[in-house]
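Following: one structure in structure tokens, then a few remarks.
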Amino acid sequence: MKFSRQRELIISEVLNSDEHLTADAIYERLKKENPNLSLGTVYRNLTQLSDNGMIGKVSIPGDPVRFDGNLSNHSHLICESCGKIIDIDEKLFNLDFSKLQEEGIQVIGTDILLRGICSECSKVR
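Dropping the structure here:
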């Protein structure tokens, strides 16, 4: 995959953010210093970067797709109070797929979305 200046800016924004940004949020952050950047370019590049495994996608029902620079095996918790999305290490779940394997099912990945209240919002309550 060839990297244009715009693609480099987009992937850098995803990889250097500790948030799970939407395409619109990435566009808003980058357009100030890059007035020639279009929203369509951001969407196309995010799709290509995701399809090529360079960034992850976080799909939350009812919300726009968000993009994730953390490619390690992890799940997400969405705070019901502030909407923040937090990475959760999948090792915490201790999942056992042996029963599925006995039935001939091969698990190739998981996509777990937890809902709760983040630590910051819990302090306010």
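Going letter by letter, the sequence shown gives residues 25 to 149 in this note's numbering.
We treat Cβ as the ideally placed atom computed from N, Cα and C, and that holds for glycine.
Bear in mind the structure is a predicted one, so any value in this text is a computation, not a measurement.
If you pair each beta-carbon of the stretch 99 to 109 with each one of the stretch 52 to 64, do three or more pairs fall below 8 Å?
Touching, no, given that fewer than three Cβ pairs across the two stretches are closer than 8 Å.
List the residues that DSSP assigns as beta-bridge partners of L138.
Under DSSP, the beta-bridge partners assigned to L138 are L101.
Give the range of the alpha helix (DSSP H) segment to which V89 is assigned.
According to the DSSP assignment, V89 belongs to no alpha helix (DSSP H), since it is labelled neither H nor E.
What residue range is occupied by the uninterrupted beta strand (DSSP E) comprising V82?
V82 -> beta strand (DSSP E) spans 80 to 82.
By a C-beta neighbour count over all protein chains shown, 10 Å radius and 16 as the cutoff for buried, is F121 buried or exposed?
By the 10 Å Cβ count, F121 comes out exposed.
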